[in-house]
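Residue numbers (this note's numbering): 22 to 280.
Have a look at the structure below, then the notes.
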């Protein structure tokens with residue numbers, strides 16, 4: 022829609038709610054048992070950090086209803102891409118569980134569920150109607166896929182060595198995934214909002230700080246709230262600063278998994 026009317030630029034919580042509702046509708050489209058796999062990974066990914074990052078940095082000056090709609094689509098697309106990666110990781114975990122390997126029917130269901138998420142995320146990204154944003158999103162999909170393939174086949178990575186603990190592996194994987202997805206989401210939403218290079222650079226720095234703070238599972242409230250007033254935050258626009266602080270406070274609050 023092309024309504025130039027500017028909505029309240031500070032309705033971050035309402036946008037998160039709308040994005041989460043769209044996320045739930047998208048995932049519930051899958052039939053059982055595929056939906057069971059996907060919804061389990063969605064619950065474990067709560068709160069939906071990727072949604073929050075895109076909505077925090079994607080506010081424009083002036084802000085418009087069109088941009089608001091675009092950033093919600095992009096935010097949900099990025100979150101579903103993250104869930105797709107988590108679903109496909111189940112294949113790697115299953116392959117290590119025993120000599121006989123994972124059950125073939127489970128492998129098939131996992132592949133189908135993950136592929137649905139990849140496809141749905143691409144569809145939502147396309148609904149931004151921005152070729153440049155879609156191109157950045159496609160690059161994110163390519164990059165995270167390459168990273169996961171390298172993890173699968175490389176025996177030299179510290180995270181996949183024989184002495185690696187499962188918690189260390191998950192933390193390393195999530196840190197890499199978040200760094201890649203945050204960067205792509207911030208760049209893509211910056212294109213939608215017409216952000217300049219300096220504004221995008223400041224947002225990327227804040228995103229990198231957040232990804233680092235989230236490496237401990239869960240990210241501690243202290244490490245998160247310390248990100249509210251950094252030097253990089255001061256370089257953001259006033260609407261972005263307010264949304265960033267709302268995002269940090271939201272993430273620092275305990276969340277119950279949602280289905």
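Think of the CB as a built atom: it goes at the ideal place given N, C-alpha and C, for glycine as much as any other residue.
*Which of the three DSSP states, helix, strand or coil, is assigned to residue 66?*
coil
*Apart from the five residues on each side of it in sequence, which residues of its chain come closer than 6 Å, Cβ to Cβ, to residue 268?*
73, 77
*Touching or not, the region 156-173 and the region 202-220, by the rule of three or more beta carbon pairs under 8 Å?*
yes
*According to DSSP, is residue 75 helix, strand or coil?*
helix
_Sub-8 Å separation of residue 203 and residue 231 beta-carbons_ = Yes. Within cutoff.
*To the nearest angstrom, how far is it from the Cα of residue 84 to the Cα of residue 128?*
45 Å
*Please look up how many angstroms separate the CB atoms of residue 59 and residue 104, rounded, as I've assumed it's under 8 Å.*
About 6 Å separates the two Cβ atoms, so the contact holds.
*Which term fits residue 33, buried or exposed, when burial requires 16 or more other beta carbons within 10 angstroms of its beta carbon?*
buried
*DSSP three-state assignment for residue 264, whether helix, strand or coil*: helix
_Could you check whether the Cβ of residue 149 sits closer than 7 Å to any heavy atom belonging to the ligand HEM?_
The model depicted lacks the ligand HEM and carries no ligand whatsoever.
*Quick one: Cα of residue 224 to Cα of residue 252, how far?*
11 Å
*Boundaries (first-last residue) of the alpha helix (DSSP H) holding residue 228*: 218-234
*Would you tell me roughly how many angstroms separate the C-alpha atoms of residue 153 and residue 142, rounded to the nearest one?*
Their Cα atoms are separated by approximately 16 Å.
*Which residues in the same chain have their Cβ closer than 7 Å to the Cβ of residue 45, if we skip the five residues on either side of it in sequence?*
none
_Please identify the residue among 226, 36, 261 whose C-alpha is closest to the C-alpha of residue 82._
261
*Taking only the alpha-carbon atoms, compute the straight-line gap between residue 89 and residue 197 and give it to the nearest angstrom.*
28 Å
*asked:* Please return the same chain residues whose Cβ sits closer than 6 Å to the Cβ of residue 69, not counting the five positions on each side in sequence.
replied: 100
_Which same chain residues end up closer than 7 Å to residue 283 when comparing Cβ atoms and leaving out the 5 residues on each side of it in sequence?_
The displayed coordinates of the chain run from 22 to 280. Any statement about residue 283 would go beyond what the structure contains.
*Assign residue 64 to one of two classes, buried (16 or more other C-beta atoms within 10 Å of its C-beta) or exposed (fewer than that).*
exposed
*asked:* What does the alpha-carbon distance come out to for the pair residue 161 and residue 200?
replied: Their backbone Cα atoms lie some 11 Å apart in a straight line.
_Only counting the same chain, and skipping five residues up and downstream in sequence, which positions put a Cβ closer than 6 Å to that of residue 266?_
249
_Counting C-beta neighbours from all protein chains within 10 Å, is the total for residue 110 16 or more, i.e. buried, or is it exposed?_
buried
*With DSSP collapsed to three states, give me the class of residue 39.*
Under the three-state reduction of DSSP, residue 39 is assigned to helix.
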